[in-house]
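Chemist: Numbering follows our numbering, in which position 51 of the sequence shown is assigned residue number 51; successive positions increment by one, without gaps.
Structure below; questions to follow.
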Amino acid sequence: MNDDPADELRALIRTIPDFPKPGIQFRDITTLLLSPTGLATCIERMVAVADGPVDLVAGVEARGFLFAAALAIPLNAGVLLIRKDGKLPGATIAEDYALEYGRDRIAIHADACAPGARVLLVDDLIATGGTARAAVRLLRKAGATVMQAQFVIDLPDLGGADLLRADGIGVSSLVAYPGH
Ligand code: AMP
1 MNDDPADELR ALIRTIPDFP KPGIQFRDIT TLLLSPTGLA TCIERMVAVA DGPVDLVAGV
61 EARGFLFAAA LAIPLNAGVL LIRKDGKLPG ATIAEDYALE YGRDRIAIHA DACAPGARVL
121 LVDDLIATGG TARAAVRLLR KAGATVMQAQ FVIDLPDLGG ADLLRADGIG VSSLVAYPGH
């Protein structure tokens, strides 16, 4: 008898070893998206743990866009796209963050959120937290109040969710995988 609700999602997520480089277990949500119930189940569970009303759901390029857009509908919120720098057509503000090798940069339109806007941050997965923490810094720089961060997948041993909590953000996820 199996009563962990996360198992239903875990069964839809494929693990590809050694992608994009040796030693990484890539948690592939494309198989979850192919399922007729996968995305709906995620959104239903994300709505259930949403911590109060928000004005915007911010998704991180690219997989985060899917969950942010779907979640914004039942939450009656707008969608804010956090993109890789250089992709947005209007005036932007950007934030750098460290990768294992080198740096990356994410951006939002400078006028994307009104000061004090309540924002829910969403991505498919949190690992080291580098991406999500940069997104929080960026949103705060824009004057937003980041209410919560939600992820489909957490890799808790990599510590990102704890770092995000230390930044003052409530974090929830639907499925956790030990290791990396
Ligand atoms: P991090 O900044 O280390 O928390 O990494 C999170 C970002 O990288 C997310 O946008 C994920 O989509 C992607 N990512 C990191 N590790 C993995 C993994 N093992 N499987 C799938 N995606 C990953």
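Where is the CB? At the ideal position from N, CA and C, for every residue including glycine.
Compute the Euclidean distance between the alpha carbons of residue 35 and residue 12, then round it to the nearest angstrom.
Modeler: By one-based count along the sequence shown, residue 35 stands at place 35. By one-based count along the sequence shown, residue 12 stands at place 12. Taking the straight line joining both Cα atoms gives about 7 Å.
Chemist: What is the rounded straight-line gap between the Cα of residue 64 and the Cα of residue 23?
Modeler: Counted from its first residue, the sequence shown places residue 64 at position 64. Counted from its first residue, the sequence shown places residue 23 at position 23. C-alpha separation (whole angstroms): 24 Å.
Chemist: In whole angstroms, what is the alpha-carbon distance linking residue 167 and residue 124?
Modeler: Indexing the sequence shown from 1 puts residue 167 at position 167. Indexing the sequence shown from 1 puts residue 124 at position 124. If I take the Cα positions, the gap works out to 20 Å.
Chemist: Going by alpha carbons, who is nearest to residue 116 out of 48, 144, 158 and 18?
Modeler: Taking the first residue of the sequence shown as 1, we reach residue 116 at position 116. The option with the nearest alpha carbon to residue 116 is 144.
Chemist: My understanding is that residue 58 touches residue 82, with C-beta atoms under 8 Å, so please give their C-beta distance in whole angstroms.
Modeler: Here residue 58 refers to the residue found at position 58 of the sequence shown. Here residue 82 refers to the residue found at position 82 of the sequence shown. Yes, they are in contact, since the Cβ atoms of residue 58 and residue 82 sit about 6 Å apart, within 8 Å.
Chemist: Is it true that the segment 70-81 meets the segment 152-162, where meeting means three or more beta-carbon pairs spaced less than 8 Å apart?
Modeler: no
Chemist: Which first and last residues belong to the beta strand (DSSP E) in which residue 13 is found?
Modeler: Working through the sequence shown from its first residue, we reach residue 13 at position 13. Premise fails: residue 13 is in no beta strand (DSSP E) and is neither H nor E.
Chemist: Closest by CA to residue 108, which one among 128, 85, 101 and 100?
Modeler: Numbered from its first residue, the sequence shown carries residue 108 at position 108. Closest by alpha carbon: 85.
Chemist: Mind reading off the beta-carbon distance from residue 175 to residue 9? Whole number of angstroms is fine, and I expect it under 8 Å.
Modeler: In the sequence shown, counting from the first residue as 1, residue 175 sits at position 175. In the sequence shown, counting from the first residue as 1, residue 9 sits at position 9. That pair is a contact at about 5 Å.
Chemist: Between the alpha carbons of residue 33 and residue 177, how many angstroms are there, rounded?
Modeler: The residue given as residue 33 occupies position 33 in the sequence shown. The residue given as residue 177 occupies position 177 in the sequence shown. Taking the straight line from one Cα to the other gives about 19 Å.
Chemist: Going by C-alpha distance, which of 38, 120 and 134 is nearest residue 105?
Modeler: Taking the sequence shown and counting its residues from 1, one reaches residue 105 at position 105. That would be 134, whose Cα lies nearest to the Cα of residue 105.
Chemist: Can you tell me the Cβ-Cβ gap for residue 119 and residue 56, rounded? I've got them flagged as a contact below 8 Å.
Modeler: The residue given as residue 119 occupies position 119 in the sequence shown. The residue given as residue 56 occupies position 56 in the sequence shown. Correct: roughly 5 Å between the Cβ atoms.
Chemist: Since residue 113 contacts residue 68 with CB under 8 Å, what's their CB separation in whole angstroms?
Modeler: One-based indexing of the sequence shown puts residue 113 at position 113. One-based indexing of the sequence shown puts residue 68 at position 68. With a contact defined as Cβ atoms closer than 8 Å, residue 113 and residue 68 miss out at about 13 Å.
Chemist: Can you list, in chain order, the stretches of the beta strand (DSSP E) that have 3 or more residues and sit fully within the segment 77-136?
Modeler: 78-84, 92-98, 103-109 and 118-126
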